[in-house]
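Undergrad: Protein chains in written order, with our numbering: chain A, -13 to 329; chain B, 18 to 303; chain C, 131 to 481.
Glycine included, each C-beta is placed from N, C-alpha and C at the ideal position.
Sending over a structure as structure tokens; questions will come in a sec.
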Amino acid sequence: MTNFGSKLFSALAAGGLSLVAAQAQAQGKVVLGSTSSTTMSALNERILPAFEKASSIEVKNVAGASAHHLARLQAQQGNQELDVVMLDDAIMAQAVSLGFCADLPKAFLDTFVPEAVIGGQAVGFGLNAIGLAYNPKVFEQKPWSAPTSWNDLARPEFKNRIAVATISNGYGLATLAMLAKANGGSEDNIEPGIAAMKKVAPNVVAFVDSTSKIPELFQTGEIALTVWNNNRVKLLADTGLPIEFVFPKEGALAGVSYLCIVKGSKNPENARKLIEVMTGTEAQKLYATAFAGGPTLKGLTVDDPSGLIVDTARLRTLVELDAKKVQANREEWARRWAREVER
Amino acid sequence: MSLSRAQAWPLLMCVPAVALFAVFFLLPLALVMMLSAYSFKAGVGIVPDLSWANYAAVIFDGYYQQLFFNTLFIGVTTALVTLLLGMPEAYVLYRMRSPWRTIFLLVILGPLLISLVVRTLGWLILLGNQGVLNSALMAAGVTEDPIRFLYSAPAIVIGLTHVLLPFMVIPIWTSLQKQKSSVVHAAFSLGASRRQVFFRIILPTALPGILSGTMVVFSLAASAFATPAILGGRRFKVVSTAVYDEFMSTLNWPLGATIALFLLIISLGSLMLYNRLIERRIQRWA
Amino acid sequence: MAFLELDGLVKHFSSFVAVDGLSLSVERGEFVSLLGPSGCGKTTTLHMIAGFQEPSAGSISVDGVDIVDVPVNKRDIGIVFQNYALFPHMTVADNVGFGLDMRRVPKATRDARVRRALEQVHLETLAGRYPKELSGGQQQRVALARALVIEPKILLLDEPLSNLDAKLREDMQIELKLLQRELGITTILVTHDQNEAMALSDRIAVMHGGRIVQLDAPYQGYERPETPFVAGFLGKANLFDIAASSGAIDWSRIAQSGGPDVSAALGERGALLCVRPEKMAFCGPEEAYLSGVVATRIFLGASWLYQIKVAQFGTVLVAEQNRSASDKVEGSAVHLRWEPGHAALIPGDGQ
């Protein structure tokens, strides 16, 4: 794109995408793009206030879905409003490959387990597992047997009782990929996944853009089963909602929540300080108790009374997706998903 | 060429409006057109090579044809349903005496004061699987499992009809108001029944209002985003939600721009055609 | 029994009484005007005959049949409205043909009748035009043709000429009268314009306060008003209070010369003598009934109009036909009399 064009695009898109003024340039500020609900409570109640107090840097928190943060990064290229972004695995891999993230110091990267680092730019602050979440109360009532396999999503009795995220969302991508793997496919051969999703589709009451709608759908009894991660389930279960997480027998998908400093950040120093605190020992211990976030720092262990926490050892037992292949095929999967699944 | 002061002044007064139009409409439109000629490569982003590839993709892909069909279907159906509801509503309003007329005018306009998203979410609650309607049907034993009303064309049409009805009622009402009450009296005295008066006198004289009402409702329905996004979900896709997806999820802005341009052209084209058809019938007398 | 019979009609809107016990008999082919100021109940009466409003009490019958319960569209009554009320979306021909369409008249007959109706109002060349393409006078003719083409039993005219300019109005009055006579259609005209009423009507019903105060042929009504209201509404009038003027006018002299005998009325409170301005004549002091001074003098073309200050009665109007230049300048003393037979006695309330 021409320089003039790209600047104009940026300016226009910035206006459309965000009401937050680009005022973070001022000293002592940092703008964080965080992904909605999971980390919110822990961040807002504890970590960010403590950080602000200790460093006298003001944190502006812009919440939104991973995909939308990525769109924001593309829109504001050359005049980035965000300093630090929090993104799900697949989206972060995309952001890194599109060159939206700045390099992090080697010494800092070395403190993390290798599974929680993408390139030299993004670090994970929490490990999780993507599997099935269901409402045990509804299952008991019906009675239905508890789900154990990815293919259980296609059980005919679940008609109109499932929510699945759409393909632009990490959970949608995970659902498609895991169904492919559970049925003999792979990142290179998505066909079995599409075929399985076609069978799941009649059960899906809503393909959601953002999983922030899931708690409400569970609450109202609209759905009884979804694809989600253990962090979210722990958080919701702690509020008293009947919800349980299942590691499917074909394996749950390894998930990492990432942070990176935006390339072209106007407050790189503050961003570095924030990222250090958000991934620090103190914070990670809090994540573990608040939402069963698995630690990503080398040698850090946490208590796990819930049995839900995915630590590095457990992570290795989970299924991992080949980020490069996902990256390459993502667009084609989205095309097929829109045409063949969501109808 | 030099302008006298008297000539220059009106031109000068147009400058703010023209500038506003240029900056907020023409310039973005030009950028969207430019963007539509670019291409998008996964992992690389937007590539500024000029080609017709996006246009070809939209024209020849049955998926997008379906999207445009859906959009026009929603636009036309919503316009028709609002007309069927709005015409009698406007007529009743026209027949009312004050203070009732003022009160009911407020009732009709009231929904406009409530956020569109809130009103649409209301329909979500009514039409959901565990919603009011399904609960009632299941309690009455009509159905055992909930019927899926949401995420379908009817749900979108219902939601849009609710939102857009005022835009149909007000112009028709204005049209009716221009009509003298003695015209109706004259028709009665000449032997017309109530039915004949309505269909041969009131309806035709409301045509100018019907024309502008249907055009406004069609344009708003065809370009609506929030209502189709919420009530259509991802199952019933329309062009505006597809554009949003391309921009916000896939990041394929060039394709999104192309689809948006097609929507603009198709909407504009159908409105011009429709306007010509009706205008020809009413221009001599209206 | 008369063709159109209104008997004891009453119409009230909540507490307001618009029409208060109105009775009227109209013969077949007769032209009757309801004349009165706004708010006198004339339009309400017309609406009740047409069927737009239901009487609170009383009956309306046409040709011996009570029509109060007959709906508007079955009454066979033609109406011409003040604002013409043409159908804006129909051509002149379709406007006129509308009533025939409603009666399912076969197309050939319909077209022939529409043509004839348009010829009657001299609009045959404008059949394809739309109302907004016509002048006010042309629209009025279309409205008339539309009302007449259905050959209604009764034609109702609701101030039909009041939106036209004066010249056109006079032409239309003559045309309307000729057409009404030719067709012999029973017609009711509602108007507040006394000239229009007098020019067109066989009889005029002057209305006041929801009642008919006098029903007479135009000439009789004008010459012999029965109430001060009628005297004042039908043309201009000089009204002399008989009781209050006993010393000012020599009533016995008027009586001797053949005028109305006012002796009985002398004791009556409110008894008036009505003398029209054009019946007043200037005379020598010895013949005069009244004397005064010219206050203003207005030249009207056909006549001179004087306002004369008379000590006992205030201003007296005198209209003198324009036979020559007037020599009575403002401020000159004049003497007035009238032919005794030209005065009308309006009785008082009998006290």
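Does DSSP put residue 199 of chain C in a helix, a strand or coil?
TA: coil
Undergrad: Going by C-alpha distance, which of C:147, C:131, C:145 and C:142 is nearest residue 154 of chain C?
TA: C:131
Undergrad: What does DSSP give as the partner residues of residue 436 of chain C in its beta bridges?
TA: C:427 and C:448
Undergrad: To the nearest angstrom, how far is the alpha carbon of residue 175 of chain C from that of residue 117 of chain B?
TA: When rounded, the distance between both Cα atoms is 27 Å.
Undergrad: With a threshold of 7 Å between beta carbons, is residue 58 of chain A in contact with chain B?
TA: Against chain B, the CB of residue 58 of chain A has no partner CB under 7 Å away; the residue lies outside that interface.
Undergrad: Which ranges does the beta strand (DSSP E) cover as unbroken runs of at least 3 residues, wholly within the segment 231 to 315 of chain C, from first to last along the chain?
TA: 284 to 288
Undergrad: To the nearest whole angstrom, what separates the beta carbons of residue 43 of chain A and residue 19 of chain A, a pair I think is in contact under 8 Å?
TA: Not quite, the Cβ-Cβ distance comes to about 16 Å (not below 8 Å), so this is no contact.
Undergrad: Who pairs with residue 141 of chain C in a beta bridge, going by DSSP?
TA: C:149
Undergrad: Checking contacts by CB at 7 Å: is residue 222 of chain B closer than that to chain C?
TA: yes
Undergrad: List the whole-angstrom C-beta distance separating residue 262 of chain B from residue 154 of chain A, where the pair is believed to meet the contact cut-off of C-beta under 8 Å.
TA: 7 Å
Undergrad: Answer with yes or no whether the minimum CB distance from residue 225 of chain A to chain D is below 7 Å.
TA: Annotation note: the requested chain D is absent from the structure, which comprises protein chains A, B and C.
Undergrad: Taking only three categories from DSSP, how would you classify residue 72 of chain A?
TA: strand
Undergrad: Whole alpha helix (DSSP H) runs in the segment 78 to 143 of chain B with 4 or more residues, listed along the chain?
TA: 79 to 112 and 117 to 126
Undergrad: Within the same chain, show all residues whose beta-carbon is closer than 8 Å to that of residue 222 of chain C, passing over the 5 residues directly before and after it, in chain order.
TA: 248, 253, 256, 257, 258, 259, 260, 261, 264 and 272
Undergrad: Rounded to a whole number of angstroms, what is the C-alpha to C-alpha distance between residue 297 of chain C and residue 139 of chain C?
TA: 36 Å
Undergrad: Along chain B, which residues have their Cβ under 8 Å away from the Cβ of residue 280 of chain C?
TA: 207 and 208
Undergrad: What does DSSP give as the partner residue(s) for residue 346 of chain C in the beta ladder?
TA: For residue 346 of chain C, which the question treats as bridged, DSSP gives the partners C:334.
Undergrad: Check distances from the C-beta atoms of the segment 443 to 469 of chain C to those of chain B and list, in chain order, the residues that come in under 9 Å.
TA: Residues: none.
Undergrad: One question on the structure: do residue 231 of chain C and residue 188 of chain C come within less than 7 Å of each other, judged by their Cβ atoms?
TA: no
Undergrad: Output, in chain order, the set of chain A residues within a Cβ distance shorter than 7 Å of residue 364 of chain B.
TA: With chain B covering 18 to 303 only, the question about residue 364 of chain B has no answer from this structure.
Undergrad: Along the alpha helix (DSSP H) that carries residue 208 of chain C, what are the first and last residues, could you check?
TA: Where residue 208 of chain C is concerned, there is no enclosing alpha helix (DSSP H), although the beta strand (DSSP E) it sits in stretches over 207 to 210.
Undergrad: What number of angstroms, rounded off, separates the C-alpha of residue 196 of chain C from the C-alpha of residue 220 of chain C?
TA: Distance between the alpha carbons of residue 196 of chain C and residue 220 of chain C is about 34 Å.
Undergrad: Hey, would you say residue 276 of chain B sits closer than 7 Å to residue 173 of chain B, going by beta carbons?
TA: No. Outside cutoff.
Undergrad: I need the boundaries of the beta strand (DSSP E) containing residue 233 of chain B, first residue and last residue.
TA: No beta strand (DSSP E) holds residue 233 of chain B; the alpha helix (DSSP H) holding it covers 224 to 240.
Undergrad: Relative to chain B, which residues along the segment 231 to 252 of chain C have a C-beta separation below 9 Å, given in chain order?
TA: 231, 232 and 233
Undergrad: Could you pull the start and end residues of the alpha helix (DSSP H) that residue 62 of chain B belongs to?
TA: Going by DSSP, residue 62 of chain B is part of no alpha helix (DSSP H) but of the beta strand (DSSP E) stretching over 62 to 64.
Undergrad: With respect to 6 Å, is the separation between the Cβ of residue 163 of chain C and the closest non-hydrogen atom of the ligand SAH below this value?
TA: No copy of the ligand SAH occurs in the structure displayed, which carries no ligand at all.
Undergrad: Using a beta-carbon distance below 7 Å, is residue 60 of chain B in contact with chain A?
TA: yes
Undergrad: Could you name the residues of chain A that residue 264 of chain B contacts, counting a contact when the two beta carbons are closer than 7 Å?
TA: 57
Undergrad: Can you name the start and end residues of the alpha helix (DSSP H) that residue 202 of chain A belongs to?
TA: 200 to 205
Undergrad: Roughly how many angstroms separate the alpha carbons of residue 362 of chain C and residue 428 of chain C, rounded to a whole number?
TA: Take the alpha-carbon of residue 362 of chain C and the one of residue 428 of chain C: they are about 20 Å apart.
Undergrad: Okay, do the segment 233 to 242 of chain B and the segment 273 to 289 of chain B touch, 3+ Cβ pairs below 8 Å being the bar?
TA: yes
Undergrad: Using 7 Å as the limit for Cβ to Cβ distance, is residue 110 of chain B near chain A?
TA: no
Undergrad: Name the two residues that bound the continuous beta strand (DSSP E) containing residue 230 of chain A.
TA: 230 to 232
Undergrad: So which residues on chain B does residue 38 of chain A lean against when the C-beta distance must stay under 7 Å?
TA: Within chain B, no residue comes near residue 38 of chain A; the closest Cβ sits about 30 Å away, beyond 7 Å.
Undergrad: For the segment 262 to 295 of chain B, enumerate the residues whose C-beta is nearer than 9 Å to any C-beta of chain A, in chain order.
TA: 262, 264, 265, 266, 267, 268, 269 and 270
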